[in-house]
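Engineer: The numbering of the sequence shown is UniProt numbering, which starts it at 5 and goes up by one. Where is the CB? At the ideal position from N, CA and C, for every residue including glycine. The structure displayed is predicted, hence computed values, not measured ones. Please read through the structure below; I'll follow up with questions.
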Amino acid sequence: DLGSSLRDTMDTLRGKSRLDEADVEEVVREIQRSLLSADVDVGLVMELSDSIETRALEEEPPGGTTARDHVLKIVYEEMVGLIGESTELPLQEQTILLAGLQGSGKTTSAAKMAWWFSKKGLRPAVIQTDTFRPGAYDQAKQMTEDAEVQFYGDPDADDPVQIARDGLEATSDAEVHIVDTAGRHALEDDLIAEIEEIDSVVDPDRSLLVLDAAIGQGAKDQAQRFEESIGIDGVVITKLDGTAKGGGALTAVNETGSSIAFLGTGETVQDIERFEPNGFISRLLGMGDLKQLSERVERAMEETQEEDDWDPEDMMEGEFTLKDMRNQMRAMDRMGPLDQVMDMIPGLGGGIMDQLPDDAMDVTQDRMRSFDILMDSMTEAELEDPSVIGAERQRRIAHGSGVPAERLEELLEQHRMMKRTMEQFAGMGDGDMQRMMKK
Ligand code: GDP
Ligand code: MG
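In structure tokens:
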């Protein structure tokens, strides 16, 4: 199962807060493997993986999220961008034409869709125009009986266009007309000519292309031909209950500029689902619920953006408050240790930072968390000027937040040290500081 090797790769990145180029390349390679094995078109895979790679290298994971989750969010967004939402199907009167090769699942899908619309409270009818395949009439009749929906067909007629015309008239009291058509084993001109004629008689509101999930690289040709001849508004992918993942649908959607309407997941009339990008993409990649994950990262990003109101330059001007310290800790979490950041500022390397004890700027994740909790227990005035925090308040803050009193002492000591350092920086004012901290 290639999907699981993507999962394995992603799992090895679990603890990392940022990804280097080699990590990103590895992830992108695994995504390519998964998508290719799911029959996604090679060109599309390359396009997708290029944009995923670029974004994964350029965009910073927000504080509080792992690089792994961030990359998965990017993957999900790029895939949704390509696949889109489900084809719109307003619950109203409409005519739907089904196109596709023989065996793709048109007749089955026609009955399934009729069943689906009937469950939505509409009166559907299926019109069977396939005069090509022996048994097509009986099959459609049986399936529409199972679905308990209206059916029109004529086992003795040999003109599909005439059947379509008669069928629409005979079922004129139905609200949703689903017109099933014949297929061929391969794309042939007479198949295209026939469906074009039916299309002009039926004048459908929607033409859906029915594709077997195992279609693979052949999806491109089919999608192009049907798009040129009748115009495709949506795709139905069938046989998703099998092993095929239906990556060919991406090709079809891309070629026709349409979207996916339904998924077929079995042989009975109830085995139909409206398309929903999350489940489909997660399955395609062999990953869990990517949407949920993506939303989690999204929330973390919003929180980070709120903090970004903080301007490091303010810190240089006024007093260095506990709030500044907190913001700086969060910035560090995003950028890496402050001393390394400082080293990158021209003219500062080997300067002030070297005069500080080694661990002065080393705020570990664990300490940061308790610092955060402690600061949550402080008043606004205390955050602005921690020197007002007397011994009694110290006890109560520590007690109230469930953090050892030594940690609070550490926090206050750390603040004093950073404040001194910042005062030495003050007046540097060439914008370098700001650029480095805002990143
Ligand atoms: P058509 O030639 O395009 O009309 O295709 P059919 O509707 O006759 O389907 C061809 C075969 O695929 C039939 O044996 C169906 O039972 C089967 N089939 C269609 N849709 C599905 C599906 O979603 N799952 C499974 N397992 N079989 C399906
Ligand atoms: Mg059929």
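Does the beta-carbon of M291 have 16 or more other beta-carbons within 10 angstroms, so that it is buried, or is it exposed?
Structural biologist: Along the sequence shown, read from residue 1 onward, the residue named residue 291 stands at position 287. By the neighbour-count rule (16 or more Cβ atoms within 10 Å), M291 is buried.
Engineer: As a quick exercise: from Q398, A248, G394 and H403, pick the residue whose alpha carbon is nearest that of S38.
Structural biologist: To locate residue 38, count along the sequence shown from 1; it is residue 34. When only C-alpha atoms are compared, the closest one is A248.
Engineer: With distances taken between CB atoms, is the gap from V183 to T260 smaller than 9 Å?
Structural biologist: Here residue 183 corresponds to residue number 179 of the sequence shown, with the count starting at 1. Here residue 260 corresponds to residue number 256 of the sequence shown, with the count starting at 1. The answer is no: Cβ separation not under 9 Å.
Engineer: S53: buried (16+ other C-beta within 10 angstroms of its C-beta) or exposed?
Structural biologist: Residue 53 sits at position 49 when you count from the first residue of the sequence shown. Buried, since its Cβ has 16 or more Cβ neighbours within 10 Å.
Engineer: In this structure, does DSSP put V240 in helix, strand or coil?
Structural biologist: Counted from its first residue, the sequence shown places residue 240 at position 236. V240: strand per DSSP, three-state reduction.
Engineer: Can you say whether G252 is buried or exposed, counting buried as having 16 or more other CB atoms within 10 angstroms of its CB?
Structural biologist: Residue numbering aside, residue 252 sits at position 248 when the sequence shown is read from its first letter. Per the 10 Å Cβ criterion, buried.
Engineer: Sorted by chain position, which residues of the same chain lie with C-beta nearer than 8 Å to R137's C-beta, five sequence neighbours on each side aside?
Structural biologist: As a first step, residue 137 must be located in the sequence shown, where it is residue number 133. Once the five neighbours on either side are set aside, the close Cβ partners of R137 are Q106, A186 and G187.
Engineer: With a threshold of 8 Å, are at least 3 pairs of Cβ atoms found where one atom belongs to the region 141–159 and the other to the region 192–207?
Structural biologist: The region 141–159 is not in contact with the region 192–207.
Engineer: Helix or strand or just coil, what does DSSP make of T58?
Structural biologist: Here the question's residue 58 lines up with position 54 in the sequence shown. DSSP places T58 in helix when its eight states are reduced to three.
Engineer: Beta-carbon of L40 versus every beta-carbon of chain B: anything under 9 Å?
Structural biologist: Of the protein chains in the structure, only one exists, and it is not chain B.
Engineer: Near D237, what residues of its chain come up, given a Cβ to Cβ distance below 6 Å and the 5 sequence neighbours on each side ignored?
Structural biologist: Taking the sequence shown and counting its residues from 1, the one referred to as residue 237 is at position 233. R210, S211 and S262, listed in sequence order.
Engineer: Suppose the cutoff is 8 Å on Cβ atoms and the five residues either side in sequence are ignored; what does the same chain contact list for L17 look like?
Structural biologist: For the purposes of this step, residue 17 is taken as residue 13 along the sequence shown, with counting starting at 1. Excluding positions up to five away in sequence, the list reads L23, D27, V31, T70, A71, R72 and V75.
Engineer: Taking DSSP's pairing of strands, which residues face E277 in a bridge?
Structural biologist: By one-based count along the sequence shown, residue 277 stands at place 273. Its beta-bridge partners are L267.
Engineer: Under a Cβ-count criterion, where at least 16 other Cβ atoms within 10 Å of its own Cβ denotes burial, should L95 be classed as buried or exposed?
Structural biologist: Sequence index remark: in the sequence shown, residue 95 carries index 91 (1-based). With fewer than 16 Cβ atoms within 10 Å of its Cβ, L95 is classed as exposed.
Engineer: Hey, which unbroken runs of the beta strand (DSSP E) at 3 residues or more fall wholly within the region 148–174?
Structural biologist: Whole beta strand (DSSP E) segments, 3+ residues: 154–156.
Engineer: Can you tell me whether A265 is buried or exposed, with buried defined as 16 or more other CB within 10 angstroms of its CB?
Structural biologist: Residue 265 sits at position 261 when you count from the first residue of the sequence shown. Buried, since its Cβ has 16 or more Cβ neighbours within 10 Å.
Engineer: Would DSSP call I99 helix, strand or coil?
Structural biologist: Counted from its first residue, the sequence shown places residue 99 at position 95. This sequence places Thr at residue 99; Ile is not what is there. Correct three-state label for T99: strand.
Engineer: Can you check which of these residues, T148, I87, V84 and E25, is closest to S113 by C-alpha distance?
Structural biologist: Translated into the one-based positions of the sequence shown, residue 113 becomes position 109. Considering only alpha carbons, the answer is T148.
Engineer: Report the partner residues of L215 according to the DSSP bridge assignment.
Structural biologist: Here residue 215 corresponds to residue number 211 of the sequence shown, with the count starting at 1. Per DSSP, I241.
Engineer: Let me check you understand the geometry: is the CB of residue 2 closer than 8 Å to at least one non-hydrogen atom of the ligand GDP?
Structural biologist: In this structure the chain extends from 5 to 443, so residue 2 is not present and cannot be described.
Engineer: What does the alpha-carbon distance come out to for the pair M83 and E192?
Structural biologist: The residue given as residue 83 occupies position 79 in the sequence shown. The residue given as residue 192 occupies position 188 in the sequence shown. Cα-Cα distance, rounded: 32 Å.
Engineer: What residue range does the alpha helix (DSSP H) around H181 cover?
Structural biologist: For the purposes of this step, residue 181 is taken as the residue at position 177 of the sequence shown. Run containing H181: none in the alpha helix (DSSP H); it sits in the beta strand (DSSP E), V180 to D184.
Engineer: Name the one or two DSSP bridge partners that V130 has.
Structural biologist: To locate residue 130, count along the sequence shown from 1; it is residue 126. Answer is F155 and I182, bridged to V130.
Engineer: Can you tell me which of the three DSSP states R400 falls into?
Structural biologist: Here residue 400 refers to the residue found at position 396 of the sequence shown. Looking at R400 - three-state DSSP - the assignment turns out to be helix.
Engineer: Tell me the DSSP secondary structure of R137 in three-state form.
Structural biologist: Locating residue 137 in the sequence shown gives position 133, where the first residue counts as 1. Coil, per DSSP.
Engineer: Does the ligand MG have even one heavy atom less than 8 Å from the beta-carbon of D134?
Structural biologist: Working through the sequence shown from its first residue, we reach residue 134 at position 130. At least one heavy atom of the ligand MG is nearer than 8 Å to the Cβ of D134, so yes.
Engineer: Any idea what DSSP makes of R371, helix, strand or coil?
Structural biologist: Reading the sequence shown from its first residue, position 367 is the one you call residue 371. Correct three-state label for R371: helix.
Engineer: Could you pull out every residue in the same chain whose Cβ sits closer than 7 Å to the Cβ of R287, ignoring the five residues on either side in sequence?
Structural biologist: In the sequence shown, counting from the first residue as 1, residue 287 sits at position 283. K249.
Engineer: Output needed for K224: all residues of its chain with C-beta closer than 7 Å, excluding positions within five of it in sequence on either side, in chain order.
Structural biologist: By 1-based counting over the sequence shown, the position of residue 224 is 220. D45, T255 and E259, listed in sequence order.
Engineer: List the whole-angstrom C-beta distance separating D216 from S108, where the pair is believed to meet the contact cut-off of C-beta under 8 Å.
Structural biologist: The residue labelled residue 216 in the question sits at position 212 within the sequence shown. The residue labelled residue 108 in the question sits at position 104 within the sequence shown. 5 Å between Cβ atoms; contact.
Engineer: Around the Cβ of P65, are there at least 16 other Cβ atoms within 10 angstroms (buried) or fewer (exposed)?
Structural biologist: Taking the sequence shown and counting its residues from 1, one reaches residue 65 at position 61. Looking at its Cβ environment, which holds 16 or more other Cβ atoms inside 10 Å, P65 is buried.
Engineer: So I87 is in the alpha helix (DSSP H); what residue range does that whole segment cover?
Structural biologist: As a first step, residue 87 must be located in the sequence shown, where it is residue number 83. Taken as a continuous stretch (DSSP letters only), the alpha helix (DSSP H) holding I87 covers A71 to I87.
Engineer: Using DSSP bridges, identify the partner residues of R210.
Structural biologist: Residue mapping note: residue 210 aligns to position 206 of the sequence shown, counting from 1. In DSSP, R210 forms a bridge with I100.
Engineer: Using only the alpha-carbon positions, how far apart do K20 and L213 sit?
Structural biologist: Along the sequence shown, one-based indexing puts residue 20 at 16. Along the sequence shown, one-based indexing puts residue 213 at 209. Rounded to the nearest angstrom, the two C-alpha atoms are 43 Å apart.
Engineer: Which of the three DSSP states, helix, strand or coil, is assigned to E410?
Structural biologist: Position 406 of the sequence shown holds residue 410. Note: E410 maps to helix in three-state DSSP.
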